[in-house]
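Undergrad:
Number of protein chains: 4
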Amino acid sequence: MSEVQGDKYKAILDAAFALFGSQGFYDTKISEIAELAGIAKGTVYIYFKSKEKLFAAVSERDFNEFLTRLEDGLAACSNIKEQLQFIAKHHLEYYYERKGHTKLFFMAPNNDPELMRLMENFLRSYMAAVFRILEQGGVPEPHLHAKSYIGMLDRLKMDILFDQAFTKEDLTKNIHFASRLFLYGCRLPETQGD
Amino acid sequence: MSEVQGDKYKAILDAAFALFGSQGFYDTKISEIAELAGIAKGTVYIYFKSKEKLFAAVSERDFNEFLTRLEDGLAACSNIKEQLQFIAKHHLEYYYERKGHTKLFFMAPNNDPELMRLMENFLRSYMAAVFRILEQGGVPEPHLHAKSYIGMLDRLKMDILFDQAFTKEDLTKNIHFASRLFLYGCRLPETQGD
Amino acid sequence: MSEVQGDKYKAILDAAFALFGSQGFYDTKISEIAELAGIAKGTVYIYFKSKEKLFAAVSERDFNEFLTRLEDGLAACSNIKEQLQFIAKHHLEYYYERKGHTKLFFMAPNNDPELMRLMENFLRSYMAAVFRILEQGGVPEPHLHAKSYIGMLDRLKMDILFDQAFTKEDLTKNIHFASRLFLYGCRLPETQGD
Amino acid sequence: MSEVQGDKYKAILDAAFALFGSQGFYDTKISEIAELAGIAKGTVYIYFKSKEKLFAAVSERDFNEFLTRLEDGLAACSNIKEQLQFIAKHHLEYYYERKGHTKLFFMAPNNDPELMRLMENFLRSYMAAVFRILEQGGVPEPHLHAKSYIGMLDRLKMDILFDQAFTKEDLTKNIHFASRLFLYGCRLPETQGD
DNA sequence: AATGAATGAGACTTCATTCAT
DNA sequence: TATGAATGAAGTCTCATTCAT
Numbered sequence: 002m003s004e005v006q007g008d009k010y011k012a013i014l015d016a017a018f019a020l021f022g023s024q025g026f027y028d029t030k031i032s033e034i035a036e037l038a039g040i041a042k043g044t045v046y047i048y049f050k051s052k053e054k055l056f057a058a059v060s061e062r063d064f065n066e067f068l069t070r071l072e073d074g075l076a077a078c079s080n081i082k083e084q085l086q087f088i089a090k091h092h093l094e095y096y097y098e099r100k101g102h103t104k105l106f107f108m109a110p111n112n113d114p115e116l117m118r119l120m121e122n123f124l125r126s127y128m129a130a131v132f133r134i135l136e137q138g139g140v141p142e143p144h145l146h147a148k149s150y151i152g153m154l155d156r157l158k159m160d161i162l163f164d165q166a167f168t169k170e171d172l173t174k175n176i177h178f179a180s181r182l183f184l185y186g187c188r189l190p191e192t193q194g195d
Numbered sequence: 002m003s004e005v006q007g008d009k010y011k012a013i014l015d016a017a018f019a020l021f022g023s024q025g026f027y028d029t030k031i032s033e034i035a036e037l038a039g040i041a042k043g044t045v046y047i048y049f050k051s052k053e054k055l056f057a058a059v060s061e062r063d064f065n066e067f068l069t070r071l072e073d074g075l076a077a078c079s080n081i082k083e084q085l086q087f088i089a090k091h092h093l094e095y096y097y098e099r100k101g102h103t104k105l106f107f108m109a110p111n112n113d114p115e116l117m118r119l120m121e122n123f124l125r126s127y128m129a130a131v132f133r134i135l136e137q138g139g140v141p142e143p144h145l146h147a148k149s150y151i152g153m154l155d156r157l158k159m160d161i162l163f164d165q166a167f168t169k170e171d172l173t174k175n176i177h178f179a180s181r182l183f184l185y186g187c188r189l190p191e192t193q194g195d
Numbered sequence: 002m003s004e005v006q007g008d009k010y011k012a013i014l015d016a017a018f019a020l021f022g023s024q025g026f027y028d029t030k031i032s033e034i035a036e037l038a039g040i041a042k043g044t045v046y047i048y049f050k051s052k053e054k055l056f057a058a059v060s061e062r063d064f065n066e067f068l069t070r071l072e073d074g075l076a077a078c079s080n081i082k083e084q085l086q087f088i089a090k091h092h093l094e095y096y097y098e099r100k101g102h103t104k105l106f107f108m109a110p111n112n113d114p115e116l117m118r119l120m121e122n123f124l125r126s127y128m129a130a131v132f133r134i135l136e137q138g139g140v141p142e143p144h145l146h147a148k149s150y151i152g153m154l155d156r157l158k159m160d161i162l163f164d165q166a167f168t169k170e171d172l173t174k175n176i177h178f179a180s181r182l183f184l185y186g187c188r189l190p191e192t193q194g195d
Numbered sequence: 002m003s004e005v006q007g008d009k010y011k012a013i014l015d016a017a018f019a020l021f022g023s024q025g026f027y028d029t030k031i032s033e034i035a036e037l038a039g040i041a042k043g044t045v046y047i048y049f050k051s052k053e054k055l056f057a058a059v060s061e062r063d064f065n066e067f068l069t070r071l072e073d074g075l076a077a078c079s080n081i082k083e084q085l086q087f088i089a090k091h092h093l094e095y096y097y098e099r100k101g102h103t104k105l106f107f108m109a110p111n112n113d114p115e116l117m118r119l120m121e122n123f124l125r126s127y128m129a130a131v132f133r134i135l136e137q138g139g140v141p142e143p144h145l146h147a148k149s150y151i152g153m154l155d156r157l158k159m160d161i162l163f164d165q166a167f168t169k170e171d172l173t174k175n176i177h178f179a180s181r182l183f184l185y186g187c188r189l190p191e192t193q194g195d
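Taken in order, these protein sequences are the chains called A, B, C and D. Residue 2 is where the first sequence starts when you use the working numbering, and the numbers rise one by one after that. Residue 2 is where the second sequence starts when you use the working numbering, and the numbers rise one by one after that. Residue 2 is where the third sequence starts when you use the working numbering, and the numbers rise one by one after that. Residue 2 is where the fourth sequence starts when you use the working numbering, and the numbers rise one by one after that.
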């Protein structure tokens, strides 16, 4: 009780993050979360009104950490190229840390309005941050470019999440690759493609 | 027996596609699928061993259609630029047809090994097709480029699936935008970003 | 299935009548009802949407039987005195048969609107039947008299339900007592009470 | 300690009376009672060993008040007719004050032996008081007559509890009606009913 | 092949009660 | 005495799957 929200609150959130992340929402039982958190089943319901709310809280915490790190990192960059590279680095490293929590992103509960709102807000915020960078850098159509860049990174993250053999070196390589592709295109040989 | 698997087989698959797509795996009941297909609940189990297998079959049919259309379209292109543009067009139009079936892609059953294998195979096949185009065109690092291009398209498809106001014109615009970005990069003004 | 509603329907209703009656709504578990009916727990929910609906169905069947017997008996009477006596006889004998099902009348589920409506309708129907008899017989204020007569009978029924030693002879005595009291009053000695 | 049992004891009893009365035993939570009483949940258990005991205490207080008022009123009457009328007046007015606390009488906990005993004692005491009046007045079969009179009043009370439109005038009318019916019967026209 | 009544394991959630502070 | 966080037993209801017809 010395902590603002209490030890148990965080313990539940941590346990839920671990289990929802590795098993998905529907295959994780409240009783498992309670057990991992070292508390009784009923205690979960003191802190979270329902399983859905708990999932939403886990997601929100993760979204916020993602956005906070992003803002902090971008603030330390001095030009747009650095910024684009940081975005790639942040995006890919973030998921690199979350290997083994893939289900958190793919297996959310259906039809929970609160979670939907949360995800939309997260995406909007992420998009807005990238948009701002591009617009300030004078890139045309910053909205579509922002979406495309994020999309590119999201697909590259898949290997991280699913490829067991993915290394730190692969990570670095992908980071540079992504920002370069975005800036200069695929560098198709000139004679080709006409 | 002119139809290889009989009318009911297809009726079930169609009903499952409609309901899994609009409600997701976990919120769709076998009884609903049977009702929509106009048959009895037990009959579903004559054709499909389990709910998971049915979902897998629905996905597989969709994957195959996607890949078949892709191969056919690519064969009709005469150079790499046309091919890249066709890939974008095909990807985005495919999902344009599937507005309202978003859940099929996001709310799949957890932990079903067969489905996992199926999705991996699909992705691998898609990737291989794009890879082949890029390699033949002399693009360096064709593997990473293939992933990035697909990723870009996948994010752009999100608007199609979730944005109610998305039009045919937006679609055309996105198709051109994606292939151009991939070929030439974001066209950052020269003075900027250094 | 040869029966109109199926064997199981009646089996559930009978089991529920027995258990709700002897233990009350809140202390009777669906699993107990299923066991007594010789079926699986889930089967109860095929026939009744909820525990409350099942209780309501049990009550309704009992109400209907009560009213049907009443109407039939009244039709066979030739004058108002016979009718009043039949009402008493019917009321008390009905509960005499239901010794050991007291909880059905006292421990109904709270706040179930359907049940409330059902009980109101039952009371209204019962009242209407007695009212009609009194009105046709020329009794003044038939509405209040109907209520009072039913109330008298209801209190007399208490002994039946709760007094283990209550006999058939007590029953007959109470029947005559009630109708006589209603007709002639308590026969207070004249000199008294002034 | 000027109050024998302390303020909190009474506060809990009052809160429990209000909530049990309006919602019933099963739909009232200890936490709600504590909140209404302005104390912590655990405190309830310092004063009452269980929810059932609390309900019993609430009932007992109410029973005692009912009986005390009855005795006091009867003592002030000078003959049996006045007494009978007072019994009716007291019974009906008591419930008139308790409109909105109907659940206290209908939704008691099942199977609580202490409460059963309490209710039996209450009924016995009430019955005994009426019995004494009737016996002293020379009414034959005072026991059955007492039961019938109370039953009559109990049914008449129903309108008070459930009829929203019930007025003070209706109350007065019912009081006179009940005592007159009891004394003289329903005054069936002579020619009828033979 | 087709049916759909029946099954029963299993999950979420509630809430009376306890007890360390 | 007072607190309220924590407990955990217990019950309702769901629904994929089976199987006798």
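Yeah, the Cβ is synthetic: ideal placement off N, Cα and C, and Gly gets one too.
Name the chain D residues whose beta carbon is nearer than 7 Å to that of C:Pro190?
TA: Near C:Pro190 (Cβ distances below 7 Å), the residues of chain D are Gly139.
Undergrad: What three-state label does DSSP hand C:Gly177 in the structure shown?
TA: Reading off the sequence, residue 177 of chain C comes out as His, not Gly. Residue state, collapsed to three classes: helix.
Undergrad: Please report how far the alpha carbon of D:Gly139 lies from the alpha carbon of C:Ala57, in whole angstroms.
TA: Using only the alpha carbons, I get a separation of about 46 Å.
Undergrad: To the nearest angstrom, report how far apart C:Met26 and C:Ile161 are at their CA atoms.
TA: Strictly speaking, residue 26 of chain C in this sequence is Phe, with Met absent from that position. Cα to Cα, C:Phe26 sits roughly 21 Å from C:Ile161.
Undergrad: Which residues in chain A have a C-beta closer than 7 Å to the C-beta of B:Arg156? List them in chain order.
TA: By Cβ distance, chain A contributes Lys148, Ser149, Ile151, Gly152 and Asp155.
Undergrad: Contact between the region 152-168 of chain B and the region 148-155 of chain A is defined here as three or more beta-carbon pairs at a separation below 8 Å; is this criterion met?
TA: With the cut-off at 8 Å, the region 152-168 of chain B and the region 148-155 of chain A touch.
Undergrad: When Cβ atoms are compared, which residues of the region 175-187 of chain A fall closer than 9 Å to chain B?
TA: Answer in chain order: Asn175, Phe178, Ala179, Arg181, Leu182, Phe183, Leu184, Tyr185, Gly186 and Cys187.
Undergrad: Does any residue of chain A have a CB that is nearer than 9 Å to the CB of B:Asn112?
TA: Yes, its Cβ sits closer than 9 Å to a Cβ of chain A.
Undergrad: Label D:Asp63 either buried or exposed according to how many other C-beta atoms from any shown protein chain fall within 10 Å of its C-beta, with 16 as the threshold for buried.
TA: The residue in question, D:Asp63, is buried, as its Cβ has 16 or more Cβ neighbours within 10 Å.
Undergrad: Counting only the same chain and skipping the five closest in sequence on each side, list residues whose C-beta sits under 7 Å from that of A:Tyr96.
TA: Here the set comprises Lys158, Ile161 and Leu162.
Undergrad: Counting Cβ pairs, one atom from each stretch, are 3 or more of them under 8 Å apart for the region 116-124 of chain A and the region 177-186 of chain A?
TA: Short answer: they don't touch.
Undergrad: So, helix, strand or coil for B:Ile88, using DSSP?
TA: Looking at B:Ile88 - three-state DSSP - the assignment turns out to be helix.
Undergrad: What residue does the alpha helix (DSSP H) around A:His102 start on, and which one ends it?
TA: First-last for A:His102: undefined, no H or E at that position.
Undergrad: Quick one: what does DSSP say B:Ser126 is sitting in, helix, strand or coil?
TA: It is helical.
Undergrad: So the candidates are C:Glu72, C:Gln24 and C:Gly43; which of them puts its Cα closest to the Cα of C:Lys9?
TA: Residue C:Gly43 is the option with its Cα nearest to C:Lys9.
Undergrad: Could you check how far apart the C-beta atoms of B:Lys104 and B:Gln165 are, in whole angstroms? I think they sit under 8 Å.
TA: So it is not a contact: roughly 16 Å between Cβ atoms.
Undergrad: So for D:Gln165, helix, strand or coil by DSSP?
TA: The answer is coil: DSSP assigns D:Gln165 none of H, G, I, E or B.
Undergrad: Please state if the CB of B:Gln86 and the CB of B:Ile134 are separated by a distance shorter than 9 Å.
TA: Not in contact: B:Ile134 and B:Gln86 (Cβ atoms no closer than 9 Å).
Undergrad: Would you verify that the beta carbon of D:Leu119 is, or is not, closer than 9 Å to some beta carbon of chain C?
TA: Closer than 9 Å: no.
Undergrad: Does B:Tyr185 pass the burial test, meaning 16 or more other C-beta atoms within 10 Å, or should it be called exposed?
TA: So B:Tyr185 counts as exposed.
Undergrad: Could you tell me whether the Cβ atoms of D:Asn175 and D:Leu124 are closer together than 9 Å?
TA: No, they are not a contact pair.
Undergrad: Using beta-carbon positions only, say whether A:Asn112 and B:Asp28 come within less than 9 Å of one another.
TA: Result yes, Cβ atoms of A:Asn112 and B:Asp28 sit closer than 9 Å.
Undergrad: Cβ closer than 9 Å: which chain B residues qualify as neighbours of A:Leu145?
TA: Those are Leu157, Lys174, Asn175, Phe178, Ala179 and Leu182, listed as they occur along chain B.
Undergrad: Please check if any C-beta of chain A sits within less than 9 Å of the C-beta of B:Gln24.
TA: Yes, contact with chain A.
Undergrad: Using 9 Å as the threshold, is the C-beta distance between C:Leu68 and C:Ile88 below it?
TA: The answer is no: Cβ separation not under 9 Å.
Undergrad: Among the candidates A:His91, A:Lys52, A:His102 and A:Lys54, whose CA atom is the shortest distance from the CA of A:Leu20?
TA: Nearest C-alpha to A:Leu20: A:His102.
Undergrad: Compare the C-alpha of B:Asn65 against each of B:Val131, B:His146, B:Phe132 and B:Ser126 and name the closest.
TA: That would be B:Ser126, whose Cα lies nearest to the Cα of B:Asn65.
Undergrad: Quick check: the Cα distance between D:Ala41 and D:Ala35, rounded to an integer number of angstroms?
TA: Straight-line Cα distance between these residues: approximately 6 Å.
Undergrad: Name the chain C residues that come within less than 8 Å of D:Glu1, Cβ to Cβ?
TA: In the structure as shown, chain D starts at 2 and stops at 195, and residue 1 of chain D therefore has no counterpart that could be examined.
Undergrad: What residues in the region 73-97 of chain D bring their beta carbon closer than 7 Å to a beta carbon of chain C?
TA: Residues passing the 7 Å Cβ filter: Asn80, Ile81 and Lys82.
Undergrad: Near D:Asp195, what residues of its chain come up, given a Cβ to Cβ distance below 6 Å and the 5 sequence neighbours on each side ignored?
TA: Low confidence applies to D:Asp195: its pLDDT is 46, below 50, so where it sits in the model is not reliable, and the reading given next is rough at best. Nothing meets the Cβ criterion.
Undergrad: Note down, one range per segment and in chain order, each alpha helix (DSSP H) of at least 4 residues found wholly within the region 33-80 of chain B.
TA: If we require 4 residues or more, the alpha helix (DSSP H) runs fully inside the region 33-80 of chain B come out as 42-48 and 52-76.
Undergrad: Run through DSSP, which three-state label would B:Ala19 get?
TA: In this structure, B:Ala19 counts as helix in the three-state DSSP scheme.
Undergrad: Here's a check: name, in chain order, each residue in its chain whose Cβ is nearer than 8 Å to the Cβ of D:Ala12, leaving out the five neighbours to either side.
TA: Around D:Ala12: Ala38, Gly39 and Ile40.
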